[in-house]
Every structure is written in structure tokens, then in C-alpha cells.
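FYI, in our numbering the residues of the sequence shown are 8 to 297.
For reference, the structure discussed in these notes is given below.
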Amino acid sequence: MITDKLIEKIKYTGNPSVVGLDTSAEYLPDYEKVKGNSSDMAKAVTEFNYAIIEKIKDVAPAVKVQIAYYEAMGINGMKAFADTCKAAREAGMIVIADAKRNDIGATAKQYANAFFGGGDFDCDFLTVNGYLGTDGIAPFLTADKGIFALVKTSNPSGGELQDMKLENGLTVYEQMAMLVEKWGADNIGASGYSRVGAVVGATYPEQAKRLRKLMPHTFFLIPGYGAQGGGADGAVAGFDEKNGGGIVNSSRGILCAYRQEKYKGMNFAEAAYAATVDMREDLTAALARR
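Now the structure itself:
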């Protein structure tokens, strides 16, 4: 079961965090040299990602690759996406493609083939939007891969819909949580967690605690730490009683660490490594305080 594999990687590295390779060309130290040329930008982004993967592969269990940053660079960018995912998998890391895909069943099947079919974009997990219901989720559960369905997102306006009350007394996000737990019921591994995970933002810790109770077998992908305003204590709020059950994402805080005063004098890969280790220590300390 792929979630068991992810949990083993977390235990091996002692690090419940995922490095977001949401790599904008603007984050590159040499951005001005490649600015305006999609081919040069894509190549530079790829080399930037390669260097970070090589540096962090033994201290971080996984990477999350946000496809929008690569789509923005066109065909060259999509090759950079594919090459980045491949490099991370070859380095022994778990790869989460952050693409938030879904559609009606027939189309969802094609998305599943794209990301889980062994082709150029092959990955271990894919973020999905579950708001089309069960027939849009089922096609993603045909291979030994995992998904993270949007439940309670980290963005400020997410509550405009997600916090609305339904006639049964649940909020929309709580109803989605119930569906996610149901979708994973037949896909639970030895760890007790299914391969149907949930996206639960670090910026809403009280809701995360509630969601942990509603989804005891659901592994959480937790965005919002760092640049989006979420702290370590909030990020681990939805972890289980054994301090497991989730993985926390940081993207800009690691990719752009070389610009921070704290890491002054380091190159971008060295700073990314140091920031990854610091995040691990921050989360470990927060877990100890629970």
C-alpha cells in the first residue's frame, strides 16, 4: 500500500514534511538571465529542482510538485515537470503531483492514466477535487497509488463554500470528510491508513482536530505552513494520538530559503537543505508539545 510506504519514509527520515517543488522561474537565482524564454526557464527550473532533490533526498521523505508552475512555461515546462517527478522517484522519494484533477468518470479515468499509468507524469500520489462525487473518484483507485482529496483548504476564502451548513447539520467540508473516509474504507493498509487521503490546511487547526475524529483512517496532506501563515502547532493539530497520520508541506520557505537572512552565505541547495532540517525540528518540537 502506497500510504504505508510514505509512512515508512517519514519514519526513516524522522521528518513528517514534504518539500513543495512549486518552482516558479522567479525563484531562481539566475532568473534575469532566463526571463522571457520558456525553454531556458524550463531548463533552469529543472536543474534547480535536481540540485534540491539531490540535497534533501535523505532528510525529506517526499516532494510535492505543483503542476501549474510548469504548465505556465508551456510544453517545455511540462517536460520539466516530468523530469522533476522522475528524478525525485529515482532518488527514492515519494512524489505527490499537485494537480487537483477530476471530472466525470470517463474523463477522470484519463487523468488517472496520465498520472498513474506509468507514463511521463507518473507519480505516487495525486491531489484531486472530490466535489464531483464518487464516480469521479473511483477511476483513481484502480492502481496501487494514492490520492489526496480536497477537504478543508488553507486559503482564506475557502470557507465561503466549505464552511456552509447543510440540512444534516454538517458543514460542506465535514460532509466531504465523511465521503473521503468512505472512499478509503476498502483501501486501508497495514498502517491503518488508506490510500485515499485528505488535504487539510494548517491554517485551520481546530477544524483539523474535528476532521481527525471524522477520518480516523485518512492520511492528511497539510498545506499552509510557513509562507501561507500556518505555524508548526497548527500544522500538527490533525495528527493522530501517536503523532502520525499527516505530512506537512512547505514550498517557498524552502525553495527561497537562500534569500533569507538566516541562511545568508549558502547557495540555494544548501539553504534548502538547512531549511528542510529546520522544518523537521520545528515540527518535531510541536509534536512533543501536544
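For glycine and all other residues, C-beta sits at the position ideal for the given N, C-alpha and C.
This one's a predicted model, so the numbers in the text were calculated from it and none came from an experiment.
- In terms of Cβ geometry, G241 and G252 do not form a close pair [threshold 9 Å].
- The beta carbons of A104 and T134 sit closer together than 9 Å.
- The Cβ neighbour count for L35, taken over all protein chains shown within 10 Å, is at least 16; the residue is labelled buried.
- For V207, the three-state secondary structure derived from DSSP is strand.
- For F275, the enclosing alpha helix (DSSP H) has its first and last residue at 275-296.
- Secondary structure of R202 (DSSP, three-state): coil.
- In the DSSP assignment, L218 falls within the alpha helix (DSSP H) that extends over 212-221.
- Secondary structure in the stretch 69-128: the beta strand (DSSP E) runs of 3 residues or longer, each lying completely within the stretch, are 69-73, 101-108 in chain order.
- If you draw a straight line from the Cα of M171 to the Cα of G272, it comes to about 48 Å.
- With contacts defined as CB atoms closer than 9 Å, A205 and F227 qualify as a contacting pair.
- Nearest to A215 by alpha-carbon distance, out of V66, M183, K159, A192, is K159.
- A115 is classed as buried because its beta carbon has at least 16 other beta carbons within 10 Å across all chains shown.
- Taking the CA atoms as reference points, Y270 sits about 36 Å from G166.
- When the five nearest sequence neighbours on each side are left out, the beta carbons in the same chain lying within less than 6 Å of the beta carbon of F123 are those of A150, K152, in order along the chain.
- Under DSSP, V243 shares a beta bridge with no residue.
- One Cα belongs to F275, the other to Y265, and the distance between them is close to 5 Å.
- At a cut-off of 3 residues, the continuous stretches assigned as beta strand (DSSP E) that sit fully inside the stretch 144-200 are 153-159.
- The three-state reading of DSSP puts S45 in helix, counting H, G and I together.
- When F55, G43, Q117, R297 are compared, the shortest CA-CA separation from A279 is found for F55.
- Contact annotation: T53 and T91 have beta-carbon atoms nearer than 9 Å.
- Residue pairing from DSSP leaves I59 without any beta-bridge partner.
- In the structure shown, L13 falls within a helical segment according to DSSP collapsed to helix, strand and coil.
- When the five nearest sequence neighbours on each side are left out, the beta carbons in the same chain lying within less than 6 Å of the beta carbon of A281 are those of Y270, in order along the chain.
- DSSP, read as helix, strand or coil, puts Y138 in coil.
- Beyond the five residues adjoining it in sequence on each side, I14 comes within less than 6 Å, by CB distance, of S198 in the same chain, given in chain order.
- Counting along the chain, L262 sits inside the alpha helix (DSSP H) bounded by residues 259-262.
- R296 counts as exposed, since fewer than 16 other beta carbons sit within 10 angstroms of its beta carbon.
- If you draw a straight line from the Cα of L148 to the Cα of E268, it comes to about 45 Å.
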